[in-house]
Amino acid sequence: MSRYYTDEHEWVDVEGETATVGITDYAQEQLGDIVFVETPETGAELAQGDDAAVVESVKAASDVYAAVSGTVVEVNDALEDEPALVNSSAEEDGWFFRVTLSDKSELDDLMDEKAYKAFVDGL
Amino acid sequence: MSDDKTKTLKKLPLDSWHRSLGARMVPFAGYEMPVQFEGVMAEHLWTRENAGLFDVSHMGQVQLDGEGAADALEAIVPGNISALGAGKIRYTLLLAKDGGILDDLMVTNTGRNLYLVVNGATKHDDIAYFNAQLPSDVALSHMEDSALLALQGPKAAEALAKLNISPMQPDWPVPTDLYFMEAGPFMWGDIPLGISRSGYTGEDGFEISVPAEHAEKLAVALCALEEVKAIGLGARDSLRLEAGLPLYGHDMDADVLPVEANLNFALSKARREEGNFAGAEQVLAQYPDKADKKRVGLFVNGRQPIREGASVVDADGNSIGAVTSGGFSPTLQKPIAMAYVPTVLAETGTEITVEQRGKAISCTVADMPFVPHNYHRKPKL
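Below, the structure is given as structure tokens:
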């Protein structure tokens, strides 16, 4: 399994044709206490860069863009009852949704962990 | 994250102290302000249970000196300022000629003069308006060398009592003798403090005007107490929303009249009868309940917060109002909001629909405050 990152602070775990998407620990830290996550509908066709989800903190709503294009095959239902999972486990249990990738070449433009870390350190 | 505008933003007197506590700074009202220290939720709940210290030095502190000050101010506010006793505070509204709300403010009769606290984002416009309106025998001074700290929460009095603050005269009351909406001059060692029992969180508490060069010493002394933590702007916003208190520039502005803003209590009876304040004709034409729209509280039926800018819609999806503040209530653990709705829909319990990002969200008109006020009011005899 390979993990990729975007400059919008999302992570993408790729296993075969399936990608799991969430926001990074850095992102949850910046957003603060997360009180609601609006996930996409299963079956939704996302194009890279589309609005895919909304993450709401006490104070503000932030869009989460589709890091990769694909069809949503599963969403993390646990976030409905426990949105704070995104704070406590952003890069594991707090995942947002899974897609079947429609264009694996998009992954070439994403960052690896080292590049993302350097990106965050530069902010 | 980096913002070129930060170069032109002003710094608060406590700027370096906030940063030393790990504050995240954001631009607000022309200043770099601490939005949070350890997190909005934790800071909010701390203030509801203990005491929070807020730096509100961005707000404008203004003194009006001169015998005609109260009468002159009454020309542009609907509060009964001339009847305000020494040491008493009144919440009032700065009105334009057409009755639109230019700001909301606190006016204290210090006994020597009037002391006003106005919003940070509007203070320069307010001062220009005052200067244009006030007669030449009323002198305005902008206290730009004073910081303003708010100590808010059920343990605020307990904490402040530990600081050995003495009244300006030995036989005057100490700060904790003040009731809600009372104020006085005090000394902390050789530092003069203006202290009022007021705030904008719905909790008991104090607002302390202190010379800027001594602000850090006071903040450090307060935060050394076990009851007190520094609290950011984020929690200040969620606290005032729970308290049902409108935020100028969001829940009201120059396009809104006082009755629409659900601020009838700020239109004092004597002043309504006199009808001689700016915009009185337009304002009183709506009094008490003849406005077409009204600011109300909303509970959201569900867990997704609704935010400022979302539309209130009718059954056909036409916009009939707008959400002006919205967030998640840490105390109630559910989303709450303020919105303008047609007055016919303003009754508590009315179901309304809000549209946000293309999604219809069901809401219910709610009584405000959402969380009961906990003011230290003078007992009624």
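Listed in order, the protein sequences are those of chains A and B.
49 is the number of the first residue of the first sequence in this note's numbering; add one for each residue after it.
213 is the number of the first residue of the second sequence in this note's numbering; add one for each residue after it.
For each residue, glycine too, the CB sits at the ideal point set by N, CA and C.
When you compare the CB of B/Phe-266 with every CB in chain A, is at least one pair closer than 8 Å?
Position 54 of the second sequence, counting from 1, holds the residue named residue 266 of chain B. Chain A contact via Cβ: absent.
Residues near B/Met-399 by beta carbon distance below 8 Å, same chain, minus five either side
Working through the second sequence from its first residue, we reach residue 399 of chain B at position 187. Contacts found: Ile-377, Ser-378, Pro-379, Met-380 and Leu-405.
Tell me whether the beta-carbon of B/Pro-542 lies closer than 8 Å to the beta-carbon of B/His-256.
In the second sequence, residue 542 of chain B corresponds to position 330, counting from 1. In the second sequence, residue 256 of chain B corresponds to position 44, counting from 1. Taking 8 Å as the Cβ cut-off, B/Pro-542 and B/His-256 qualify as a contacting pair.
Closest to B/Ala-369 by CA distance: which of B/Thr-322, B/Ala-431 and B/Val-440 is it?
Here residue 369 of chain B is taken as the residue at index 157 of the second sequence, counted from 1. Cα-wise, what sits closest to B/Ala-369 is B/Val-440.
Any C-beta of chain A under 8 Å from that of B/Val-252:
Residue numbering aside, residue 252 of chain B sits at position 40 when the second sequence is read from its first letter. For B/Val-252, the answer is yes, since a Cβ of chain A falls inside 8 Å of its Cβ.
Can you tell me the Cα-Cα spacing of B/Arg-452 and A/Thr-87, whole angstroms?
Against the second sequence, residue 452 of chain B aligns to sequence position 240. Against the first sequence, residue 87 of chain A aligns to sequence position 39. Going by the C-alpha atoms only, they are around 30 Å apart.
Sort B/Gly-414, B/Asp-337 and B/Trp-229 by Cα distance to B/Glu-454 and report the nearest one.
By one-based count along the second sequence, residue 454 of chain B stands at place 242. It is B/Gly-414 whose Cα lies nearest to the Cα of B/Glu-454.
Taking any Cβ of chain B, which residues in the segment 66-86 of chain A have a Cβ under 8 Å from it, in chain order?
Gly-80, Asp-81, Val-83, Phe-84 and Glu-86
Which of the three DSSP states is assigned to B/Arg-515 in this structure?
Against the second sequence, residue 515 of chain B aligns to sequence position 303. B/Arg-515: coil per DSSP, three-state reduction.
Do we get a CB-CB distance below 8 Å when we pair A/Trp-165 with the residues of chain B?
The count along the first sequence starts at 1 and reaches residue 165 of chain A at position 117. With the sequence shown as reference, residue 165 of chain A is identified as Lys, and Trp is not the correct amino acid for it. A/Lys-165 does not count as touching chain B.
Hey, which unbroken runs of the alpha helix (DSSP H) at 4 residues or more fall wholly within the segment 429-508 of chain B?
445-454, 481-486 and 492-498
Please state whether DSSP places B/Val-252 in a helix, a strand or coil.
In the second sequence, the residue the question calls residue 252 of chain B occupies position 40. Correct three-state label for B/Val-252: helix.
Do three or more CB pairs link the segment 423-440 of chain B to the segment 517-525 of chain B at distances below 8 Å?
no
Can you give me the Cβ contacts of B/Ile-407 inside the same chain, cut-off strictly under 6 Å, excluding the 5 residues immediately before and after it?
Walking along the second sequence from the start, residue 407 of chain B turns up at place 195. Here the set comprises Pro-387, Phe-398, Phe-418 and Ile-420.
In the DSSP assignment, find the beta strand (DSSP E) that holds B/Asp-277 and state where it starts and stops.
Translated into positions along the second sequence, residue 277 of chain B becomes position 65. Element bounds for B/Asp-277: 272-277.
Outcome for B/Ser-232 when other beta-carbon atoms lying within 10 angstroms are tallied against a minimum of 16
To locate residue 232 of chain B, count along the second sequence from 1; it is residue 20. That one is exposed.
Quick check on the burial criterion: 16 or more other C-beta atoms within 10 angstroms. Buried or exposed for B/Asn-321?
One-based indexing of the second sequence puts residue 321 of chain B at position 109. Counting Cβ neighbours within 10 Å, B/Asn-321 comes out buried, since at least 16 surround it.
The alpha helix (DSSP H) spanning B/His-354 covers which residue range?
One-based indexing of the second sequence puts residue 354 of chain B at position 142. No alpha helix (DSSP H) holds B/His-354; the beta strand (DSSP E) holding it covers 351-354.
Report yes or no: do three or more beta-carbon pairs, one from the segment 262-277 of chain B and one from the segment 358-373 of chain B, lie closer than 8 Å?
yes
I want to see whether chain A comes within less than 8 Å of B/Pro-542, judged by CB atoms only; does it?
Taking the first residue of the second sequence as position 1, residue 542 of chain B is located at position 330. Yes, its Cβ sits closer than 8 Å to a Cβ of chain A.
Would you say B/Asp-463 faces chain A, with C-beta separation under 8 Å as the test?
The residue labelled residue 463 of chain B in the question sits at position 251 within the second sequence. No, B/Asp-463 lies away from the interface with chain A (no Cβ there is under 8 Å from its Cβ).
What number of angstroms, rounded off, separates the C-alpha of B/Arg-515 from the C-alpha of A/Tyr-53?
The sequence position of residue 515 of chain B within the second sequence is 303, counting from 1. The sequence position of residue 53 of chain A within the first sequence is 5, counting from 1. Cα to Cα, B/Arg-515 sits roughly 29 Å from A/Tyr-53.
In chain A, what lies closer than 7 Å to B/Gln-248 by C-beta?
One-based indexing of the second sequence puts residue 248 of chain B at position 36. Here the neighbours are Gly-80.
Go ahead and label B/Asp-215 buried or exposed: buried means 16 or more other beta carbons lie within 10 angstroms of its beta carbon, across all protein chains shown.
As a first step, residue 215 of chain B is located in the second sequence; it is residue number 3 there, counting from the start. Any reading at B/Asp-215 must be qualified, since the residue scores a pLDDT of 45, below 50, and its modelled position is unreliable; no value is offered.
Take B/Pro-248 as the anchor and find which of B/Ala-558, B/Arg-448, B/Val-512 and B/Pro-500 has the nearest alpha-carbon.
Indexing the second sequence from 1 puts residue 248 of chain B at position 36. Note on identity: in this sequence residue 248 of chain B is Gln, with Pro being the wrong assignment. Out of B/Ala-558, B/Arg-448, B/Val-512 and B/Pro-500, B/Arg-448 has the C-alpha closest to the C-alpha of B/Gln-248.
For the 8 Å Cβ check, are there 3 or more pairs between the segment 110-123 of chain A and the segment 141-159 of chain A?
yes
Give the residues of chain A in contact with B/Ser-450, contact being defined as C-beta atoms less than 9 Å apart.
In the second sequence, the residue the question calls residue 450 of chain B occupies position 238. The contacting residues are Val-106 and Lys-107.
Does the ligand FAD have a heavy atom nearer than 7 Å to the CB of B/Pro-239?
This structure lacks the ligand FAD, and indeed carries no ligand of any kind.
Beta carbon of A/Thr-72, beta carbon of A/Glu-139: below 8 Å?
For this step, residue 72 of chain A is matched to residue 24 along the first sequence. For this step, residue 139 of chain A is matched to residue 91 along the first sequence. Against a cut-off of 8 Å, the Cβ pair of A/Glu-139 and A/Thr-72 comes out as a contact.
Going along the chain, which unbroken runs of the alpha helix (DSSP H) with 4 or more residues stay wholly within the segment 112-153 of chain A?
126-129 and 133-136
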